[in-house]
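First the structure, in the form of structure tokens, and then the observations on it.
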Amino acid sequence: MKTLGGVIQLVVYILWLWVPHVVPCPPQCHSCTGGTANCVQSGLRDIPKNIPEEVEVLDFTGNQITDFNEASFQSLPNVQSLRIPNNGISHIMADSFQNIPHLTQIDLSSNSITAIQDGAFQGLDELSIVTLTNNHLLRLGQPFEGLTSLSSVYLGFNQLTEIEEDDFQTNTMIRMLDLSNNQINRIHPKAFKNLERLRYLILSNNALTHTVDLDFSSNMLQLIDFTKSQLKKVPTGMPYSVADLRLGNNMITDIGDDAFKGIRNLRLLMLENNMLKNISYRALKPLKNLKEVWLSNNQLFYIPQGLPTNLETLYLDNNHVYEIQSHLFLNHSKLRIISLEMNRIQRIYGESFRGLQGVQQINLQFNDISMIPDGTFSDLSALTTLQLSHNPLTSVDHGAFPPQLNSLTLANIASPTVHVSEQFVSALSSINTLNFMNSPSLVSSTLAILVSSGVRLEQVMIMNLQYNEIQSLPEALKESFGSLQQLLLDGNPFHCDRDLIWLKQWMLERQVSFHNTNELECAMPVQLRGRKLADLPDMSFVAVVAKTSEETSPQRPAVQVSRVALKGDIVSVEKSSPQNRGNPVGETARNTGTQAAQQLTQPQETAPLRPKTNPKAKTKTEKAKKKGRKRKGKKNRKKNRKNKKGKRKRRNRGKRHNQLHALRRRRCTRQSDGTIECCRVLKNGKQRCRHKRPKQKSKVTPSP
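Sequence positions in the sequence shown follow mature numbering (1 follows the signal peptide of the UniProt record, and there is no 0) and run -24 to -1, 1 to 680.
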């Protein structure tokens, strides 16, 4: 028995060691397991007591704590992280965290802190991250004095106005300093002098109206962000180690020769949304490591010269550039992306892009380009994407594009006529994506050549023909593609005659997608309008009838198929003729109509015509008609006057009688003397009466 009892005690002891202990927790908190005291949104007004010593993380997020001091925290030697965001804390007293000596992170964001006493974080030698974002701090002082391990300080979204020289004097280990979204208007030149390991300095969304001349000792600084800080000049004193300089959304108008002097390691330069009118030739040329430049939304009239030879990306959207000079990019073989969207470019030359052997994407959308000459892009061996939408193009030479182009966008070309050649269509054979949306004239010319020449676009996988006023397509078009996956035809007014049965059958094969949003519908004839093309039975397709000039839109030539469907020719309305648009059925109908017309025009044996009427009688009849019209008009005018008068009376009567204290209606009685008395009660209670004598009927005396 003794042996059995010893075994039981041993098992109980092992289970006691194996089963995890339940740590006691304050009743206001949710749990204290896993080393975390979870007191999130518990309605706390003070820091709770009796927190287990084993806890490493204190989380008081979303409570109603307004203040705390040194006595608020018991001795918690193992706590490393303290989170008190989204409370009502207004100030932090000195020595508030002395009982939590091993803290490494403090989060006090989204409170109402207006002041932090000097020495508030004193004794926290291991503290590395302090988050005070979204408070009401007006000044800093020296709350971080003596924190030698501090590496990240987040002070964004406060109300700081100045950064003094000694605010971070003893914090030599800071790497990340966020001062964004404040009201800082002045920074002492030596405010960051002692931050020897500073890497990221965020000063965006401030009011730095004073000249910014900073002194840095850090050779590790990589990013400085001055975005939207009301700068009028480029700040000076940047160390050579800066690789990312952000100056967008400011008021900089000019960049001089020495603006970026000494920043030899600069790789990204952001100057978008400024007022730039001039960039010196020598400003960017010394920046040998510069890879990306953002100059969009400025007032530049030309592409800056002196761009670094190692530049890879250039954004110049929404400026006033009107010309791309020849040989401008002659020594920029490493340039990969050029974007000149929304400028005023009217003309490009055959050698405007000469030397760009490595360029992959060119964006020239929303300009005034009318012509693309031969050889403009043909020498760009790496070009894969070309965007030319929203340009008034009238002519595209056959040698304009390189053979290895993968994506070509020519959407929204509003020119009434666009001249293209068979060589141009042949050059499209290697392209994977063609976007011709809302370009009726270009589509008409291209499809006509495509069908008549028999050129096959073997590599085209996506072709966008949306909103091009296409009424019909030839069956021969199907043979022009070898790898087609999408042929987008949304927004076209299809004429559902028998020439479109082949398109319906192709849609039912489910190998190619024909719409992006809405399924294809019939626009003509009227009885089929709104019917889905894929659901329309073959017998419902109407017979092909030659269209009259009245059915054709007078604004633009609609793309349509020649009514000889077997030939597959596409012609525009302005070039089509009734002979080309005929078919056996239509011809029969036309012959029948001609015979009927001939029968009507042939002389027939009829009774002789009566002599013409008397001209005097005719004149009298016309005069009588005129009088009748006058009488009728006079009667209508009189009737309208009566209606208006009646409406006015009813409206006035409604005003008098439809109010809360309205007058009573008149009550009329016939008196003994034959008069009629009409009385009514006024608002003041008095009665008003009027007497009327009835009209006497006129007596007609008989004639003797």
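All residues carry an ideal CB built from backbone N, CA and C; glycine is no exception.
Problem set entry | Member of Arg59, Arg507, Asn157 and Val518 whose CA lies at the smallest distance from the CA of Leu79 | Arg59 is the residue among Arg59, Arg507, Asn157 and Val518 whose C-alpha sits nearest the C-alpha of Leu79.
Exercise. Which partner residues does Thr409 have in the DSSP bridge list?
Worked result: Answer is Ser383 and Ile438.
For this session: Please confirm whether residue 685 and Ile239 have their CB atoms less than 8 Å apart.
Result: It is not possible to answer for residue 685, since the shown part of the chain is limited to -24 through 680.
Exercise. Taking three-plus beta-carbon pairs below 8 Å as touching, is the region 347 to 358 in contact with the region 328 to 337?
Worked result: Judged by Cβ distances under 8 Å, the region 347 to 358 makes contact with the region 328 to 337, as three or more pairs qualify.
Problem set entry | Through-space distance from Ile652 to Arg643, alpha-carbon basis | In this structure, the alpha-carbon of Arg643 lies about 10 Å from that of Ile652.
Problem set entry | Whole beta strand (DSSP E) elements within the region 114 to 146, 3-residue minimum | Correct list: 128 to 130.
Problem set entry | Tyr257: first and last residue of the uninterrupted alpha helix (DSSP H) it sits in | The continuous alpha helix (DSSP H) containing Tyr257 extends over residues Tyr257 to Leu260.
Problem set entry | Through-space distance from Glu485 to Ser397, alpha-carbon basis | If you draw a straight line from the Cα of Ser397 to the Cα of Glu485, it comes to about 33 Å.
Exercise. Cα separation between Thr148 and Thr185?
Worked result: Taking the straight line from one Cα to the other gives about 28 Å.
Exercise. If you scan the region 193 to 275 from start to end, which runs of the alpha helix (DSSP H) of 4 or more residues do you find wholly inside it?
Worked result: Taking only runs of at least 4 residues, the alpha helix (DSSP H) segments lying wholly in the region 193 to 275 are 257 to 260.
Exercise. Expressed to the nearest angstrom, what Euclidean distance is found between the alpha-carbon atoms of Lys253 and Leu34?
Worked result: Rounded to whole angstroms, Lys253 and Leu34 show a C-alpha spacing of 54 Å.
Problem set entry | Val188 in three-state terms, based on DSSP | Coil at Val188, not helix or strand.
Exercise. For the alpha helix (DSSP H) that Lys480 lies in, which residues bound it at each end?
Worked result: Counting along the chain, the alpha helix (DSSP H) containing Lys480 begins and ends at Ile477 to Leu484.
Exercise. Just to confirm, are Lys264 and Pro280 a CB contact at a threshold of 8 Å?
Worked result: Not closer than 8 Å, so no.
For this session: For Lys668, count neighbouring Cβ atoms within 10 angstroms of its own Cβ and tell me buried if that reaches 16, exposed if not.
Result: Lys668 is exposed by the Cβ-count criterion.
For this session: Using only alpha-carbon positions, find the residue among Asp201, Arg175 and Leu174 that is nearest to Asn182.
Result: Comparing Cα-Cα distances from Asn182 to each of Asp201, Arg175 and Leu174, the minimum goes to Asp201.
Problem set entry | Proximity below 8 Å, CB of Asn161 to CB of Thr137 | It is a contact, given that the beta carbons lie within the stated cut-off.
For this session: Have a look at Ile163 and Ile139 and give me their C-alpha separation to the nearest angstrom.
Result: The alpha-carbon atoms of Ile163 and Ile139 are separated by roughly 5 Å.
Exercise. What do you reckon, are the CB atoms on Ser413 and Asn388 nearer than 8 Å?
Worked result: Checking the displayed sequence, the identity of residue 413 turns out to be Met instead of Ser. Yes, the pair counts as a contact, with Cβ atoms nearer than the cut-off.
Problem set entry | Phe192 burial status per 10 Å Cβ neighbour count (16 or more: buried) | Classification for Phe192: buried.
Problem set entry | Backbone secondary structure at Asn319 - three-state DSSP | Of the three classes helix, strand and coil, the one that applies to Asn319 here is coil, per DSSP.
Exercise. Are there 16 or more other CB atoms within 10 angstroms of the CB of Gln301, so buried, or fewer, so exposed?
Worked result: If you draw a 10 Å sphere on the C-beta of Gln301, you find fewer than 16 other C-beta atoms in it, and that means exposed.
Problem set entry | Per DSSP, cross-strand counterpart(s) of His667 | In the DSSP output, where bridge partners are listed per residue, His667 has Glu653.
Exercise. For His395, which residues from the same chain have a beta carbon less than 6 Å from its beta carbon, with the 5 sequence-adjacent residues on both sides left out?
Worked result: Annotation for His395: Ser371 place their beta carbon closer than 6 Å to its own, counting only its chain and skipping 5 residues before and after.
Exercise. Hey, quick one: how far does the alpha helix (DSSP H) through Ser417 stretch, first residue to last?
Worked result: Start and end: Pro416 to Ser429.
Exercise. Buried or exposed: where does Glu317 fall if 16 or more other Cβ atoms within 10 Å of its Cβ makes it buried?
Worked result: With 16 or more other Cβ atoms within 10 Å, it is buried.
Exercise. Taking the DSSP output, what are the residues bridged to Val372?
Worked result: The secondary-structure analysis by DSSP pairs Val372 across a beta bridge with Ile348.
For this session: Go ahead and pull the three-state DSSP assignment for Asp511.
Result: Residue state, collapsed to three classes: helix.
Exercise. Alpha carbon to alpha carbon, what distance is there between Leu126 and Glu102?
Worked result: Glu102 and Leu126 have their C-alpha atoms some 8 Å from each other.
Exercise. How long is the line joining the alpha carbons of Glu445 and Leu108, rounded to whole angstroms?
Worked result: Cα-Cα distance, rounded: 60 Å.
Problem set entry | Cβ distance (whole Å) where Arg37 is taken to contact His67 below 8 Å | It is worth fixing the name first, because residue 37 is Thr in this sequence and not Arg. Wrong, their Cβ atoms sit about 20 Å apart, outside the cutoff.
For this session: Pick helix, strand or coil for Ala403, following the three-state DSSP scheme.
Result: Looking at Ala403 - three-state DSSP - the assignment turns out to be helix.
For this session: Report buried or exposed for Cys665, applying the criterion of at least 16 other Cβ atoms within 10 angstroms of its Cβ.
Result: Exposed, since its Cβ has fewer than 16 Cβ neighbours within 10 Å.
For this session: Compare the Cα-Cα distances from Asn367 to each of Ala390, Asp350 and Ala376 and report the closest residue.
Result: The shortest C-alpha separation from Asn367 is found at Ala390.
Exercise. In the structure shown, what three-state DSSP assignment does Gln93 receive?
Worked result: Reduced to three states, the DSSP call for Gln93 is coil.
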